[in-house]
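Trainee: The sequence shown begins at 816 in my numbering and counts up one residue at a time.
Just so it is clear, CB atoms sit at the ideal spot from N, CA and C, and this is done for glycine as well.
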Amino acid sequence: MDLFQPGFSSWLNAPAHQQWLAAEGLRLLDFAKAAKLPEGFGNLDERGRLPANAQAETMNTARMTHSFAMAHIQGLPGFAELIDHGIAALRGPLRDALHGGWFAVAEHRDDNTGKNAYLHAFVALAASSAVVAKRPGAQALLDDAIDIIDTYFWSEEEGAMREFFNRDWREEEAYRGANSNMHATEAFLALADVTEDSRWLVRAQRIVERVIHGHAAANGYMVIEHFDRDWQPLREYNHDNPADGFRPYGTTPGHGFEWARLLLHLEAARVQAGMLTPGWLATDAQKLFENNCRNGWNVDGLPGIVYTLDWGNKAVVRHRLHWTHAEASAAASALLKRTGDEQYETWYRLFWEFCEENFIDRCDGSWHHELNPQNVPSADIWAGKPDLYHAWQAVLVPRLPLSPSMATALAHLFQGTPV
C-alpha cells in the first residue's frame, strides 16, 4: 500500500494491523470455499454449510468469482479452479443462451426470467477481475457482459443504468434504482482499468452527478434509493415492506458509506487518467460520510449503524447488517488516505472494534450476517452467511491505493505490473 504521512499514529501504517487484515481475509476466504455448487456458488448457512435446497445464484457466483480472483492475483493457492468454476457457471447455466444476459438463478428455476441491472453489474465486475487474474474464458465473459450493458442497460440520455427488463428485453420496468447504479459505478471503475477505455469513467461520473451530486445532495447527503423512469424520487416506495433486502423503504446509511468510497475511487481514477476532475467528488464523499455517521450510528442508544431511516432520519429497521459496517470501515480508510484527517482514523478504529466484538464469528467462521436491534445475531432479513464480498473488500481497501480498482491494484502490487 502507499504510505501516507498524517500528523498522528495511524493503523493504516501499522504492520500489525496490516497483518491482522491479511489474516482476517484468509479466514473469510477459507470459509467461502464451501459455497461451490455444480452450477455456480450458493448461499452458506451460519456454520458454513450448503443447505439441502441450496441453488446457484448469479449474484453470489459473480461476487465469489470476483473475490476468488482477487485472492488468486495475490498469489494465494487454491483459488484458480474456483475462478474457472465461476466463469463456467456464468457462461453456462446462469446465462440466458436464447436472449442473452443472466438469470438470477441457474436455469431460472425460481420462475424469474427477468434481467436485473444489479446482477449484470456484478457479472461485469467478476469478469473484469477474472481477466486481471488471466483465467481462461474470462475475456469472452467480459465481452459478453459489456455488450449486454451497452445494448440494453446503459442509457446515454439519462446518464445512468436502466433497471429491469423481461427475458426478451421487450418490456422494461418503470423504475430506476440507486443501488444498481452504485454497483454499476463500481464495475465501470474496474472496466476502465481492464479495457483502458475512459468512457467508463465518463459514465461513472454521470451516474454520480445524478444520484449523489444531484439527488443525495438535495436530501442532506442521505441517498435517495428509488425513482420513477423520469428520475423523480419515489419516497413511499416499499413503505409496507421496509426491510426488503434490496429495495428497502427510506434511506440506507450503508449505501451512503459505499457511495462515499466510490466517489474517492472515481476521483483518483480520473486524476490518474489525466481527465478533468471536479472538486465536489471529494467534498461530497466527506459529506456523505459525515451525515450517514450522524444519522446512522448509535441512534437508538446502542452502538452500530441501523439498516434504514425514514425521511426525518429516524430509524426504521434497526437491525445492524454486516455489509453496512464493512462499507463504513472501508469508507473511513479511503477518506483517511485522501485527507489525512484524524477524525477518519477515529471512525476507522471504532468500526473495526465494533465488527470484532459483534460481527466476526470466531466460533463458526466468517461474520454474522446481521444483528438484531440488541446486537444479537439474527436472521430476520438475511439468513446464514452467504456473502464474502463486502467483508473481504473491507480488509483489502485499507491495503490498496484509491486507484486503480482493486483487482488491477493487486496485480500491480503482487505481480510487479507497472502502474
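Using a Cβ-Cβ cutoff of less than 6 angstroms, which residues in the same chain neighbour residue 881 once the five nearest sequence positions on both sides are dropped?
Mentor: Within the same chain, residue 881 has close Cβ partners 940, 941 and 944.
Trainee: Leaving aside the five residues before and after residue 1224 along the sequence, list all residues of the same chain whose C-beta is less than 7 angstroms from its C-beta, in chain order.
Mentor: Cβ within range, chain order: 1215 and 1216.
Trainee: Mind listing, in chain order, the continuous beta strand (DSSP E) runs of no fewer than 3 residues lying wholly within the region 996 to 1044?
Mentor: Runs found: none.
Trainee: Starting from the Cα of residue 1180, find the closest Cα among 847, 1209, 837 and 836 and give me that residue.
Mentor: Here the closest residue by C-alpha is 847.
Trainee: Report the CB separation of residue 932 from residue 997 in whole angstroms; it is logged as a contact under 8 angstroms.
Mentor: The pair is not a contact, with the Cβ atoms about 11 angstroms apart (cut-off 8 angstroms).
Trainee: Residue 1032 to residue 1099, Cα distance in whole Å?
Mentor: Residue 1032 and residue 1099: Cα-Cα distance of roughly 8 angstroms.
Trainee: Output the boundary residues of the alpha helix (DSSP H) element that contains residue 830.
Mentor: Here the alpha helix (DSSP H) through residue 830 covers 830 to 847.
Trainee: According to DSSP, is residue 1120 part of a helix, a strand, or is it coil?
Mentor: Strand at residue 1120.
Trainee: Does DSSP classify residue 869 as helix, strand or coil?
Mentor: DSSP places residue 869 in coil when its eight states are reduced to three.
Trainee: Compute the beta-carbon to beta-carbon distance between residue 1120 and residue 1068, rounded to the nearest angstrom, for a pair I have assumed lies under 8 angstroms.
Mentor: Right, their Cβ atoms sit about 5 angstroms apart.
Trainee: If we count Cβ pairs, one from each stretch, closer than 8 angstroms, do we get three or more for the region 859 to 869 versus the region 823 to 841?
Mentor: Too few Cβ pairs lie closer than 8 angstroms, so no.
Trainee: What runs of the alpha helix (DSSP H), each 4 residues or longer, lie entirely inside the region 879 to 950?
Mentor: Entirely contained in the region 879 to 950, the alpha helix (DSSP H) runs reaching 4 residues are, in chain order, 895 to 906 and 932 to 947.
Trainee: Can the beta-carbon of residue 850 be found less than 9 angstroms from the beta-carbon of residue 868?
Mentor: Not closer than 9 angstroms, so no.
Trainee: Could you compute how far the alpha carbon of residue 1143 sits from the alpha carbon of residue 955?
Mentor: If you take the alpha carbons of residue 1143 and residue 955, they lie about 34 angstroms apart.
Trainee: Can you tell me which of 877, 878 and 890 puts its alpha carbon nearest to the alpha carbon of residue 1229?
Mentor: When only C-alpha atoms are compared, the closest one is 890.
Trainee: Do residue 977 and the ligand MN come close, with the Cβ less than 8 angstroms from some heavy atom?
Mentor: Ligands in the displayed structure: none, and consequently the ligand MN is not present.
Trainee: Using three-state DSSP, classify residue 1109 as helix, strand or coil.
Mentor: Helix.
Trainee: Write down the C-beta distance between residue 909 and residue 871 rounded to the nearest angstrom, noting that I regard them as a contact closer than 8 angstroms.
Mentor: Confirmed, Cβ separation roughly 7 angstroms.
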